[in-house]
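Just below is one structure, and these are the notes that go with it.
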Amino acid sequence: MVKILAVVAALSAAVVPVAADNCTRGLYYCGWLLLQIGGYFPQIDDAFHNAGLATSRDHVNRGLFYCVGGNNGDIRFVTLCDAVCRDADGGNSFC
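Note that the sequence shown covers residues -20 to -1, 1 to 75 in mature numbering (1 follows the signal peptide of the UniProt record, and there is no 0).
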C-alpha cells in the first residue's frame, strides 16, 4: 500500500501543469525574451503576420514588442531592431 501511494504521488507531481507567465503591461520586450517567459510563440507569429513579416528565428531575435496586457498578456509588434534587441534587466527591452 505504501508503494502504491508513493507511485501515485510521483505521477501526480509529474502531471502538474507549468503555467506560463505573462508580460507586464506597458513594458517593451524582445521576441526572444517573450519566448523565455513562455507560451508566446503563437502571439509573436500572429503579430508578425499582421505586420506583413515572416516569422523567422532572426525576426524573433530582433523583434521588439509592446505588452498590451490583459488576461493573456497580449502583445503588439513595434519594430525589428537593426542589429540586436536587448533586455534591460527587468525594465523595457530596447534596440
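Quick reminder that beta carbons are idealized off the backbone N, C-alpha and C, glycines included. All values reported here derive from a predicted model rather than from experimental measurement.
Inter-residue CB distance, residue i and residue j (contact presumed, cutoff 8 Å)
i: L7; j: N72; result: 5 Å
i: G11; j: C75; result: At roughly 12 Å, the Cβ-Cβ gap does not stay under 8 Å, so G11 and C75 are not in contact.
i: I24; j: G50; result: Actually they are not in contact, since the Cβ atoms of I24 and G50 sit about 16 Å apart, beyond 8 Å.
For residue j and residue i, the rounded distance between their alpha carbons
i: Y9; j: C47; result: 7 Å
i: A(-12); j: N41; result: Residue confidence is low: A(-12) scores 38 on pLDDT, short of 50, so the model does not pin down where it sits. No coordinate-derived value is stated.
i: G53; j: F21; result: 12 Å
i: D69; j: L13; result: 11 Å
i: G19; j: T4; result: 14 Å
i: D62; j: S36; result: 15 Å
i: L60; j: D67; result: 14 Å
C-beta contact flag for residue i and residue j at 8 Å
i: D38; j: I17; result: no
i: A34; j: I55; result: no
Proximal residues to residue i (C-beta, below 8 Å), its chain only, five neighbours per side dropped
i: A31; result: F57
i: H29; result: T35
Neighbourhood of residue i by C-beta distance below 6 Å, restricted to the same chain and skipping five residues each side
i: L(-16); result: Any reading at L(-16) must be qualified, since the residue scores a pLDDT of 34, below 50, and its modelled position is unreliable; no value is offered.
What are the start and end residues of each continuous beta strand (DSSP E) run of 3 or more residues lying completely inside the region 45 to 73, in chain order?
54 to 60
Can you give, in chain order, each stretch of the alpha helix (DSSP H) that sits fully within the region 9 to 47 and has at least 4 residues?
11 to 17, 21 to 30 and 37 to 42
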